[in-house]
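Written out below as structure tokens is the structure these notes cover.
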Amino acid sequence: MKNVIAIDGPAASGKSTLALRLAKDFDFLFFDTGVMYRAVTLAALNAGVAIDDEDACVALAQSAVIEVQPPSEDDGRTSDVIVNGEDQTWAIRRPDVEGNVSVISTYAGVREALTEQQRRIGSRGDIVMVGRDIGTVVMPDADLKIYLDASVEERALRRYLEEKCRGDDAEYEVILEAMRKRDQIDSTREVAPLIAAEDAIVVDSDNKDANEIFEEVKELIIKHLELDQKQS
Ligand code: DC
Numbered sequence: 009m010k011n012v013i014a015i016d017g018p019a020a021s022g023k024s025t026l027a028l029r030l031a032k033d034f035d036f037l038f039f040d041t042g043v044m045y046r047a048v049t050l051a052a053l054n055a056g057v058a059i060d061d062e063d064a065c066v067a068l069a070q071s072a073v074i075e076v077q078p079p080s081e082d083d084g085r086t087s088d089v090i091v092n093g094e095d096q097t098w099a100i101r102r103p104d105v106e107g108n109v110s111v112i113s114t115y116a117g118v119r120e121a122l123t124e125q126q127r128r129i130g131s132r133g134d135i136v137m138v139g140r141d142i143g144t145v146v147m148p149d150a151d152l153k154i155y156l157d158a159s160v161e162e163r164a165l166r167r168y169l170e171e172k173c174r175g176d177d178a179e180y181e182v183i184l185e186a187m188r189k190r191d192q193i194d195s196t197r198e199v200a201p202l203i204a205a206e207d208a209i210v211v212d213s214d215n216k217d218a219n220e221i222f223e224e225v226k227e228l229i230i231k232h233l234e235l236d237q238k239q240s
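Under this note's numbering, the first residue of the sequence shown carries the number 9, and numbering increases by one thereafter.
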């Protein structure tokens, strides 16, 4: 049995928080695939590559060595992200990365390079994978697919509070607008757009706290794992 749990959904829907807790609870690996698109974006910015130079960005995605490992430091990180040998865990959260990552992730060649690596990691099993296309493209045979949704206003509010907590100078209206733009790019791109897989269970996180969602999805996992055990 492989035990692959796919969690997809729009930005700031609470996917990572949920997945991290589930991974701890079931002793599975937590893998947030978004960090890989962020890593390529950072590599492009650092190398002075223009974000609209698709070929150069694809070449970077193919050559960059991106390692995602369990956290080595207790500073709030959920994993270590090492890009070409350097710890870039916090750098990939920078606003300039945030502002350009959606464009990078529309490039088919970038997606191909990263999807292949994600699949290799996912196929080890006992894993909770988070992204936009895990259930549809990366791991279409996942044992359980969750699509975690929430309204754009609620998600912008969460991101605003997160940034305020970190001491950043955040403005709700600016975040809301940026999030709308990102949703638009993520869900209308030609390759692997953000969409719930046909066999995904859609969980709406509006008006629910993190605990309720965790319990709801945990139940689903237990049910699905029991199902598998009965079948095998
Ligand atoms: O989840 P996140 O905000 O870290 O994702 C960053 C960007 O990467 C986001 O614009 C969508 C993209 N992404 C993707 O296209 N496919 C994935 N599997 C994960 C993220």
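Glycine included, every Cβ here is placed at the ideal spot set by N, Cα and C.
- A contact is defined here as three or more CB-CB pairs under 8 Å, and the segment 163-179 fails this definition with respect to the segment 34-51.
- Rounded to the nearest whole angstrom, the C-alpha separation of Asp-104 and Lys-189 is 15 Å.
- DSSP places Val-89 in the strand class (E or B) of the three-state scheme.
- Nearest to Gln-70 by C-alpha distance, out of Arg-101, Val-109 and Val-118, is Val-118.
- When only Cα atoms are considered, Asp-214 and Lys-226 end up about 18 Å apart.
- Straight-line measurement puts the Cα of Arg-132 at about 17 Å from the Cα of Lys-153.
- Around the Cβ of Pro-148, a 10 Å sphere holds fewer than 16 other Cβ atoms; the residue is exposed.
- Leaving aside the five residues that flank Ile-193 on each side, the residues in its chain whose CB is nearer than 6 Å to its CB run, in chain order, Ser-110.
- In the DSSP annotation of this structure, the continuous segment of the beta strand (DSSP E) that includes Val-138 starts and ends at 135-139.
- Within the DSSP bridge table, the entry for Val-211 names Leu-156 as partners.
- The beta carbon of Ser-21 sits closer than 7 Å to the beta carbons of Leu-156, Asp-157, Ala-158, Arg-163 and Ser-213 from its chain, once the five residues preceding and following it are set aside; these are given in chain order.
- In terms of side-chain proximity, the C-beta atom of Asp-141 is found nearer than 7 Å to a non-hydrogen atom of ligand 1.
- Leu-184 and Ser-24 have their C-alpha atoms roughly 20 Å apart.
- Secondary structure remark: continuous alpha helix (DSSP H) runs of at least 4 residues inside the segment 28-95, in chain order: 42-55 and 62-71.
- Pro-79 and Arg-174 have their C-alpha atoms spaced approximately 19 Å apart.
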